[in-house]
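I have placed the structure first, in the form of structure tokens, so that the comments after it can refer back to it.
Protein chains: 2
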Amino acid sequence: MAESHRPHPRVVIIGAGFGGIMAAKALEQAPVQIEIIDRRNYHLFQPLLYQVATADLSPADIAWPIRGIFSRQKNVTVTLSGVVDVDTNERRVHCEATTVDYDYLVVASGSSHSYFGKDHWAEHAPGLKRIVDATEVRRRVLMAFERAELMSDPDEQARQLTFVIVGAGPTGVEMAGAIAELARVSLCEDFRRIRPELARIILIEGGPRVLPAFPDDLSAEAEAALERLGVEVRTGVMVEDISDFGVVANGVTCPAATVIWAAGVKVEQVGAWLDVETDRVGRVSVGPDLSLPGRPEIFVIGDAAKVPWRDGRDVPGIAPAAKQQGKYVGRRIAAQVLGKAVPPPFRYRHYGNLATIGRNAAIIDFGRFKLSGWLAWWIWGIAHIYFLIGVRRPLFVAISWFGSYLFHSKGARLITGLGNGTSPGLSNRDT
Amino acid sequence: MAESHRPHPRVVIIGAGFGGIMAAKALEQAPVQIEIIDRRNYHLFQPLLYQVATADLSPADIAWPIRGIFSRQKNVTVTLSGVVDVDTNERRVHCEATTVDYDYLVVASGSSHSYFGKDHWAEHAPGLKRIVDATEVRRRVLMAFERAELMSDPDEQARQLTFVIVGAGPTGVEMAGAIAELARVSLCEDFRRIRPELARIILIEGGPRVLPAFPDDLSAEAEAALERLGVEVRTGVMVEDISDFGVVANGVTCPAATVIWAAGVKVEQVGAWLDVETDRVGRVSVGPDLSLPGRPEIFVIGDAAKVPWRDGRDVPGIAPAAKQQGKYVGRRIAAQVLGKAVPPPFRYRHYGNLATIGRNAAIIDFGRFKLSGWLAWWIWGIAHIYFLIGVRRPLFVAISWFGSYLFHSKGARLITGLGNGTSPGLSNRDT
Numbered sequence: 001m002a003e004s005h006r007p008h009p010r011v012v013i014i015g016a017g018f019g020g021i022m023a024a025k026a027l028e029q030a031p032v033q034i035e036i037i038d039r040r041n042y043h044l045f046q047p048l049l050y051q052v053a054t055a056d057l058s059p060a061d062i063a064w065p066i067r068g069i070f071s072r073q074k075n076v077t078v079t080l081s082g083v084v085d086v087d088t089n090e091r092r093v094h095c096e097a098t099t100v101d102y103d104y105l106v107v108a109s110g111s112s113h114s115y116f117g118k119d120h121w122a123e124h125a126p127g128l129k130r131i132v133d134a135t136e137v138r139r140r141v142l143m144a145f146e147r148a149e150l151m152s153d154p155d156e157q158a159r160q161l162t163f164v165i166v167g168a169g170p171t172g173v174e175m176a177g178a179i180a181e182l183a184r185v186s187l188c189e190d191f192r193r194i195r196p197e198l199a200r201i202i203l204i205e206g207g208p209r210v211l212p213a214f215p216d217d218l219s220a221e222a223e224a225a226l227e228r229l230g231v232e233v234r235t236g237v238m239v240e241d242i243s244d245f246g247v248v249a250n251g252v253t254c255p256a257a258t259v260i261w262a263a264g265v266k267v268e269q270v271g272a273w274l275d276v277e278t279d280r281v282g283r284v285s286v287g288p289d290l291s292l293p294g295r296p297e298i299f300v301i302g303d304a305a306k307v308p309w310r311d312g313r314d315v316p317g318i319a320p321a322a323k324q325q326g327k328y329v330g331r332r333i334a335a336q337v338l339g340k341a342v343p344p345p346f347r348y349r350h351y352g353n354l355a356t357i358g359r360n361a362a363i364i365d366f367g368r369f370k371l372s373g374w375l376a377w378w379i380w381g382i383a384h385i386y387f388l389i390g391v392r393r394p395l396f397v398a399i400s401w402f403g404s405y406l407f408h409s410k411g412a413r414l415i416t417g418l419g420n421g422t423s424p425g426l427s428n429r430d431t
Numbered sequence: 001m002a003e004s005h006r007p008h009p010r011v012v013i014i015g016a017g018f019g020g021i022m023a024a025k026a027l028e029q030a031p032v033q034i035e036i037i038d039r040r041n042y043h044l045f046q047p048l049l050y051q052v053a054t055a056d057l058s059p060a061d062i063a064w065p066i067r068g069i070f071s072r073q074k075n076v077t078v079t080l081s082g083v084v085d086v087d088t089n090e091r092r093v094h095c096e097a098t099t100v101d102y103d104y105l106v107v108a109s110g111s112s113h114s115y116f117g118k119d120h121w122a123e124h125a126p127g128l129k130r131i132v133d134a135t136e137v138r139r140r141v142l143m144a145f146e147r148a149e150l151m152s153d154p155d156e157q158a159r160q161l162t163f164v165i166v167g168a169g170p171t172g173v174e175m176a177g178a179i180a181e182l183a184r185v186s187l188c189e190d191f192r193r194i195r196p197e198l199a200r201i202i203l204i205e206g207g208p209r210v211l212p213a214f215p216d217d218l219s220a221e222a223e224a225a226l227e228r229l230g231v232e233v234r235t236g237v238m239v240e241d242i243s244d245f246g247v248v249a250n251g252v253t254c255p256a257a258t259v260i261w262a263a264g265v266k267v268e269q270v271g272a273w274l275d276v277e278t279d280r281v282g283r284v285s286v287g288p289d290l291s292l293p294g295r296p297e298i299f300v301i302g303d304a305a306k307v308p309w310r311d312g313r314d315v316p317g318i319a320p321a322a323k324q325q326g327k328y329v330g331r332r333i334a335a336q337v338l339g340k341a342v343p344p345p346f347r348y349r350h351y352g353n354l355a356t357i358g359r360n361a362a363i364i365d366f367g368r369f370k371l372s373g374w375l376a377w378w379i380w381g382i383a384h385i386y387f388l389i390g391v392r393r394p395l396f397v398a399i400s401w402f403g404s405y406l407f408h409s410k411g412a413r414l415i416t417g418l419g420n421g422t423s424p425g426l427s428n429r430d431t
């Protein structure tokens with residue numbers, strides 16, 4: 001792919017998440033060639049991934065082919081490939097399938113879930129980062145009910161109907177609430193031998209309260225909402241082991257057929273690619289302009305970047321932060337290419353924290369004012385759809401999402417046997 | 001599961017396809033216990049499976065959880081399990097997960113695709129019967145364009161952009177038309193290095209014409225419509241070999257990265273379960289009441305049954321036939337249980353043949369009158385949605401389907417790497 005003659009400066013973006021997409025869009029009018037490299041052919045709306053895991057939405061409801069997003073932005077080329085390494089001296093990205101030269105590089109490759117060194121837990125407690133994670137969790141949750149329906153041993157039946165979520169950040173809280181609703185509302189008519197509403201949903205958090213990033217009163221709100229849905233919240237509890245049989249926490253074994261990991265994230269490879277130091281979770285420190293110290297042509301954004309914010313804290317790893325950074329970097333590159341004055345250092349604007357517990361309880365913290373309950377839910381829903389304008393006809397998305405939430409649509413509740421990244425062992429046991 | 005005390009006669013239905021679903025619905029008011037056994041947890045609307053394979057629809061658009069369909073019909077119990085064997089003397093079905101006694105047995109387990117003894121072709125030329133087949137075909141079709149986009153060798157690029165469909169029955173014809181539209185319409189804006197509209201779509205048929213089951217003039221119509229879409233139709237051509245490299249037919253090798261099998265079906269296991277003779281494709285011959293000769297309590301319907309029709313032909317293996325048979329058997333069992341007069345022998349009503357070629361060309365043969373083009377397409381679409389009333393809110397389905405067809409939605413165009421029943425070999429090569 002390396003071309004000798006290059007009419008326009010070449011901007012290579014690794015990763016088509018919120019940061020990468022925004023960077024490319026911010027360069028729409030700029031005289032540059034943009035190459036987006038991603039291992040997958042779609043942009044994933046991760047904030048709703050848990051809804052696929054709990055069968056409220058289908059993968060196609062929250063993922064959009066990258067080529068479709070940029071079909072009309074002609075200065076964008078998409079390369080479907082994993083990245084092997086970056087040669088920062090030759091300014092070249094080595095992919096599995098090809099090699100790409102760059103004048104500017106934007107690393108927006110995101111994060112994956114971390115088991116804090118206990119990687120053997122992954123098999124028993126899938127995390128929630130990719131579509132295959134979500135469909136695998138969905139398969140496990142639904143299969144647990146199916147197995148329980150066919151069982152006579154009450155202990156084993158109880159184990160099948162026990163769901164443990166590890167980690168009470170937004171994802172863990174949302175998963176716990178959604179599984180509770182699945183069992184108590186969506187499935188309650190579907191079985192004849194078991195009563196799905198008797199399922200136990202246990203949310204384990206090592207810290208003193210749920211939603212640690214939120215103010216105390218909203219944490220309390222969230223905990224109350226979870227308990228109204230019948231979720232058992234256990235804070236200050238440390239997980240010591242996870243096996244096929246269940247979870248060991250604070251020395252006590254909890255038999256549970258389904259365990260979901262929502263506890264930690266890590267950034268992979270970026271440090272190695274760029275040959276720089278990273279922090280404990282693999283994030284790369286960047287300067288005030290989000291560029292790599294000494295490498296003004298390389299930018300790192302989103303979950304992969306460690307960006308100082310305020311009171312010693314870093315910019316949080318959430319979608320709005322990644323989008324702001326992508327937009328900033330895109331504009332900065334455009335200014336440099338056009339020889340205009342470059343924008344001032346990046347400043348993160350925190351619009352608030354948000355989490356949903358079930359269909360009509362959401363917790364929003366806009367700093368100045370706080371909301372919870374119905375109103376919060378609607379603001380959340382509308383904000384999500386607004387998010388997508390420009391990505392896809394919002395009307396369709398609105399119908400699909402609100403339809404699923406409000407009418408408890410059963411359409412997404414599929415166990416697609418072979419599919420969903422099932423490990424062979426599991427598929428033998430389960431399907 | 002075997003109970004000593006049984007208040008109502010027990011009707012066991014193997015398979016939740018069109019036949020099985022209709023049989024259970026026909027027994028809604030009858031004083032029976034119904035047990036539906038299926039290996040999968042969803043009912044699949046197979047006539048539209050090809051639309052998932054060509055990324056027009058998502059699996060959840062054409063599949064509905066069996067439990068959802070019967071959540072309010074309380075005399076139905078669903079068992080998610082494969083069937084191992086049937087003990088016709090003990091009147092017992094042995095499943096992988098459990099054992100079920102019956103007073104009446106309805107075998108509606110359908111058919112799978114047949115490679116006429118060349119099973120090693122399966123790996124190179126997937127058929128189209130299950131969701132995982134469709135998502136695997138979708139993955140292969142989309143990945144072929146992705147690979148071509150990254151290639152420099154023109155021969156290999158041409159091979160990636162050549163799609164061969166084997167078999168010109170309704171499925172083959174519909175696949176060929178849909179892939180042609182995918183390349184010429186949906187994808188044409190999405191790539192920068194290749195021109196998807198230059199893709200070659202080749203439809204191979206051993207017989208003298210496409211849609212052999214249709215009258216000659218409609219076959220000619222269909223062939224003309226395919227050629228207008230740029231499909232190369234090759235009738236009277238026999239496939240001799242299929243490999244990773246392509247297809248050998250009539251001694252000529254056609255390099256093609258993607259080959260799709262739409263040539264034959266076979267019925268598995270039913271003969272062995274019931275310990276009876278079958279015909280060449282594995283179908284079981286039944287009497288005028290669709291019961292097994294000498295076993296009035298066992299019925300075989302749908303693709304698994306060989307039912308004589310007219311001029312020496314059998315009832316065709318299409319959805320309407322399976323539905324009629326399911327309804328008939330359900331009513332017959334109800335009459336027997338209630339001690340009423342049993343209905344007269346089964347009579348198949350043929351409402352016509354139907355195939356769609358692309359978004360606005362359909363071929364319908366209603367016997368008395370024949371239709372093609374726009375009008376046919378709309379009748380087809382409305383008939384399909386009508387089909388689903390009672391299965392799921394038709395409005396949603398209508399919006400999703402017509403939206404996808406008319407606006408060429410890009411939502412379903414996902415390559416979900418690990419998922420989709422990818423063979424490890426393929427996933428290594430492709431993702």
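Note that the protein sequences, when read in sequence, are chains A and B.
Counting from 1, position 352 in the first sequence corresponds to residue 352 in this note's numbering; the numbering is continuous, with no gaps.
Counting from 1, position 297 in the second sequence corresponds to residue 297 in this note's numbering; the numbering is continuous, with no gaps.
All C-beta atoms in this analysis are idealised placements derived from N, C-alpha and C, irrespective of residue type, glycine included.
Interface residues of chain A facing residue i [CB-CB closer than 7 angstroms]
i        : result
B/ARG184 : Neighbours of B/ARG184 on chain A: none; closest Cβ ~15 angstroms, over 7 angstroms.
C-beta neighbour in chain A for residue i, strict 8 angstroms
i        : result
B/ASN353 : no
B/THR77  : yes
B/ASP190 : yes
B/VAL391 : Any reading at B/VAL391 must be qualified, since the residue scores a pLDDT of 47, below 50, and its modelled position is unreliable; the value itself is stated next. No, B/VAL391 lies away from the interface with chain A (no Cβ there is under 8 angstroms from its Cβ).
Any chain B beta carbon closer than 8 angstroms to residue i
i        : result
A/THR54  : no
A/ARG138 : no
A/ARG429 : Confidence at A/ARG429 is low in this model, with a pLDDT of 25, below 50, so its placement is unreliable and no value can be given for it.
A/LEU150 : yes
8 angstroms Cβ cut-off: residues of chain A touching residue i
i        : result
B/ARG195 : Chain A residues near B/ARG195: none, gap ~14 angstroms exceeds 8 angstroms.
B/GLU146 : ASN41, LEU80
Assigned secondary structure, residue i (DSSP; H/G/I helix, E/B strand, else coil)
i        : result
B/PHE245 : coil
A/VAL166 : strand
B/LEU211 : coil
B/VAL315 : coil
A/ILE301 : coil
A/TYR104 : strand
A/VAL11  : strand
Neighbouring residues, chain B, relative to residue i (Cβ below 7 angstroms)
i        : result
A/THR99  : Within 7 angstroms Cβ-Cβ: nothing; A/THR99 doesn't reach chain B, min ~11 angstroms.
A/SER109 : Within chain B, no residue comes near A/SER109; the closest Cβ sits about 16 angstroms away, beyond 7 angstroms.
A/SER71  : GLU189, ASP190
Residue i: contacting residues in chain B (beta-carbon distance under 8 angstroms)
i        : result
A/LEU226 : Under the 8 angstroms cutoff, chain B gives no residues; its nearest Cβ is about 26 angstroms from A/LEU226.
A/LEU142 : ASN41
Residue i - partner residues in DSSP beta bridges
i        : result
A/PRO65  : A/TYR42
A/SER111 : None, per the DSSP bridge assignment.
B/VAL239 : B/ALA249
B/GLU90  : Answer is none; B/GLU90 lacks a bridge partner.
A/ALA355 : A/ILE363
A/VAL329 : DSSP, once it has assigned bridges, lists no residue as partnering A/VAL329.
A/VAL342 : According to DSSP, A/VAL342 bridges with nothing at all.
B/GLU205 : B/THR235
What residue ranges within the region 253–299 of chain A form continuous alpha helix (DSSP H) runs of no fewer than 4 residues, ordered along the chain? If we require 4 residues or more, the alpha helix (DSSP H) runs fully inside the region 253–299 of chain A come out as 270–274.
For the region 34–62 of chain A, which segments carrying the alpha helix (DSSP H) assignment without a break, of at least 4 residues, lie completely within its bounds, in sequence order? Counting only runs of 4 or more residues that sit fully inside the region 34–62 of chain A, the alpha helix (DSSP H) segments are 49–53, 59–62, in chain order.
Runs of 3 residues minimum, wholly inside the region 119–193 of chain B: which ones carry the beta strand (DSSP E) assignment? Restricting attention to beta strand (DSSP E) runs no shorter than 3 residues, the region 119–193 of chain B encloses them at 162–166, ordered along the chain.
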